[in-house]
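A short write-up of the structure that comes next.
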Amino acid sequence: MTSKLVEYPELFFCLAGPIGVDLDETAEAIEQKLKLFGYDVENIHITKLIPLLDNKLARKFDTLFDRYDTLITRSNELRREYGDNSIMAMLSILKIREYRYRKHQDSDKALHKTAYIIRQLKRPEEIKLFREIYGKQVFQISIYSDHLVRKERLAGQMREYDSVSTRSSDFDEQASKLLARDEHESAVTSGQRIRDVFPLGDVFIDGSNKKTIDSTIERFIKIIFGYNFCSPSREEYGMYLAKSASLRSTDLSRQVGAAIFDPKGEVKVLGCNEVPSPSGGTYWEDDPGDSREFNVGYDTNEEFKHRLLSDLLRKFSETNIINDAYKNLKSRELIKKIKEDHKIDLEKNLLLMDLIEYGRIIHAEMNAITDAARKGISLQGTNLYCTTFPCHLCAKHIISSGISKVVYIEPYPKSYAVDLYKDEIIIDEIGLTAATRKAKWFGSNHLSESHLIDTGTCSRRLNGKMSMGRHRLGTTRCRDQSSKSRLRFIHKSRRIILPF
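If you're matching positions, the sequence shown starts at 73 in the working numbering and goes up one per residue.
In structure tokens:
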């Protein structure tokens, strides 16, 4: 059975970003660029769909703070009530089907030359559902801006919405509360996970700079429509190799990759998080005596943390600090008991459980640095591309090795690198220049702070979107087919049963 090749298929652009980011500029840029290719664009606001599940929300709120706070709370409750963290994405899909029916009286039939802009994602399950249903026709665009810019924009919107209150400090305080809630709901099982969904983007954009938005979207749309002469930037290439290196890892907690380049963009060394080999480097698949952690059967760091907790509890027990009901429980049993009795998750809320130094694996950044040392390669003035923000253990070696710039995508909340090395590194702020004595780190470690991700296409899309066909004419000339190209996708979709 052969799959049908669809020309100019439906496209789905899912926007993700922390509260306060201006999504309007990005949505407008996408719409303008797509219209050049003859596409109709439908905007879908998820927050406007929530009243479909709760008509009490279809009212005018007294303040903008009340509106946002209520919508966040109710969204969390709806995820819990329906038992599905992708419920908001399902609402969007319902709206897409409704739009199809309105256009052609068939909600199952995909529309020709039609694109949807979905605003906005807050959970990784949402983009996962979109990609499962619509496949490669889905693109996530992650937008960020400086914390202060977002706070001021949000406070300004509140001021316009609520003309009664005159105290600017009230709006600033409310904006700060919303920003904090939007970014830190890890303790709420069905809460927002902007830190988790943000790194899953296909392209990252500075939402505070209109020129950057326009140029990045224009380049991205060109790549989608087959423009042959968009090659990867240094940052895209660096992150692509870092992501590729991460696939070597069989670590039980996460796969991390690192790639170190010289300033010209030439590869120095790669690394991944894996158990070190006595012959140098890390274990490969067919190495004799392979003792990677999946062969050992458990995560040594997790095991050691529970041993430390057990020791601490034993000492408390000897001094009668612990209640008799908990005294004889083993650490894991105690954690479970406290969670059941007091609704406190010690594994997530106990600082002791953030320890990372007892793992047998060598971190990706350290793997790359030690490989360079073993081979006699100087890293002075180089750039490190890493899939995840470096931990505080790696930070000291990154600084000591002379690496001048670090670029990363995924945050790592357990890292205390910024706290411990604030005099040696700077997380670059939009519009500011780092002091020359400090190394610049670019990324999205804490969206509540002023951190920067280099704009560009992520490694997930580079291989499929920047592979060129043969367009050479004779021996010296070539042609650009993008203006004549027909966007083609093998259309694959999965049916789901909506729970409403």
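Beta carbons are placed, not taken as given, at the ideal position from N, Cα and C, and that holds for glycine.
Among residues of its own chain, excluding the 5 on either side of Leu406, which ones have a beta-carbon nearer than 7 Å to its beta-carbon?
Leu385 and Tyr398
Over what stretch of residues does the beta strand (DSSP E) that includes Cys143 continue unbroken?
The question names Cys, but residue 143 is Leu in the sequence shown. No beta strand (DSSP E) holds Leu143; the alpha helix (DSSP H) holding it covers Leu136 to Tyr154.
CB contact flag (Lys486, Ile433, <8 Å):
no
How far does the beta strand (DSSP E) with Ile91 in it extend, from its first residue to its last?
Run containing Ile91: none; DSSP gives neither H nor E here.
Might you give, ordered along the chain, the residues of its own chain that have their beta carbon closer than 8 Å to the beta carbon of Tyr173, omitting 5 neighbours on each side?
Ser179
Assign Phe333 to one of three DSSP states: helix, strand, or coil.
strand
Quick one: give me the first and last residue of the beta strand (DSSP E) that Thr322 is part of.
Unbroken run through Thr322: none, as it is neither H nor E.
So who's on the other strand from Arg191, going by DSSP bridges?
Leu87 and His117
As a quick exercise: from Thr391, Arg379 and Asp112, pick the residue whose alpha carbon is nearest that of Met425.
Arg379
Three-state secondary structure (DSSP) at Leu77?
strand
Which class does Asp417 belong to by DSSP, given the choice of helix, strand or coil?
coil
Residues in its own chain within less than 7 Å of Ile293 by CB, not counting five upstream and five downstream?
Lys105 and Leu106
Can you give me the Cβ contacts of Ala88 inside the same chain, cut-off strictly under 8 Å, excluding the 5 residues immediately before and after it?
Gln192, Leu193, Lys194, Ile199, Gln212, Ile213, Ser214, Ile215, Ile266, Val269, Phe270, Leu272 and Gly273
Between the Cα of Pro81 and those of His117, Tyr206, Ser158 and Ile118, spot the shortest distance and give me the residue it belongs to.
Tyr206
Secondary structure of Thr459, DSSP reduced to three states:
strand
Using only the alpha-carbon positions, how far apart do Ile289 and Cys86 sit?
13 Å
Do Met160 and Ile118 have their C-beta atoms within less than 8 Å of each other?
yes
Reference Gly279; option with closest CA among Ala101, Leu456 and Phe376:
Ala101
Do three or more CB pairs link the segment 324-340 to the segment 348-359 at distances below 8 Å?
no
Own chain residues within Cβ distance below 8 Å of Tyr484, not counting five before or after:
Thr460, Phe461, Pro462, Cys463 and Asn517
For Phe366, which residues in the same chain have their Cβ closer than 7 Å to its Cβ, ignoring the five residues on either side in sequence?
Thr322 and Leu324
Rounded to the nearest angstrom, what separates Lys468 and Val490 at their Cα positions?
11 Å
Return helix, strand or coil for Glu82, following the three-state DSSP convention.
coil
Please name the residue, chosen from Thr391, Asp383, Val260 and Val78, that lies closest to Thr186 on a Cα-to-Cα basis.
Val78
Which residues DSSP lists as bridging Leu13, in chain order:
A query on residue 13 cannot be resolved here, the shown segment of the chain reaching from 73 to 572 and no further.
Give the secondary structure of His523 by DSSP, where H, G and I count as helix, E and B as strand, and everything else as coil.
With a pLDDT of 30 at His523, under the threshold of 50, the modelled position of that residue is not reliable, and no figure is offered here.
Since Val93 contacts Arg222 with CB under 8 Å, what's their CB separation in whole angstroms?
6 Å
In chain order, what are the residue ranges of uninterrupted alpha helix (DSSP H) at least 4 long that sit wholly in the segment 391-454?
403-414, 418-421 and 436-447
Roughly how many angstroms lie between the CA atoms of Arg253 and Asn300, to the nearest whole one?
43 Å
Pull up the distance between the alpha-carbon of Glu258 and that of Leu124, whole angstroms please.
Strictly speaking, residue 258 in this sequence is Ser, with Glu absent from that position. Answer to the nearest angstrom: the Cα atoms are 26 Å apart.
For Val113, which residues from the same chain have a beta carbon less than 6 Å from its beta carbon, with the 5 sequence-adjacent residues on both sides left out?
Glu103, Leu106 and Ala187
With burial defined as no fewer than 16 other Cβ atoms inside 10 Å of the residue's Cβ, what is the status of Asn373: buried or exposed?
buried
Burial state of Pro196, where buried means 16 or more other Cβ atoms lie within 10 Å
buried
Hey, Cys302 and Ser318: beta-carbon distance below 8 Å or not?
no
Around the Cβ of Leu83, are there at least 16 other Cβ atoms within 10 angstroms (buried) or fewer (exposed)?
buried
Does Lys167 pass the burial test, meaning 16 or more other C-beta atoms within 10 Å, or should it be called exposed?
buried
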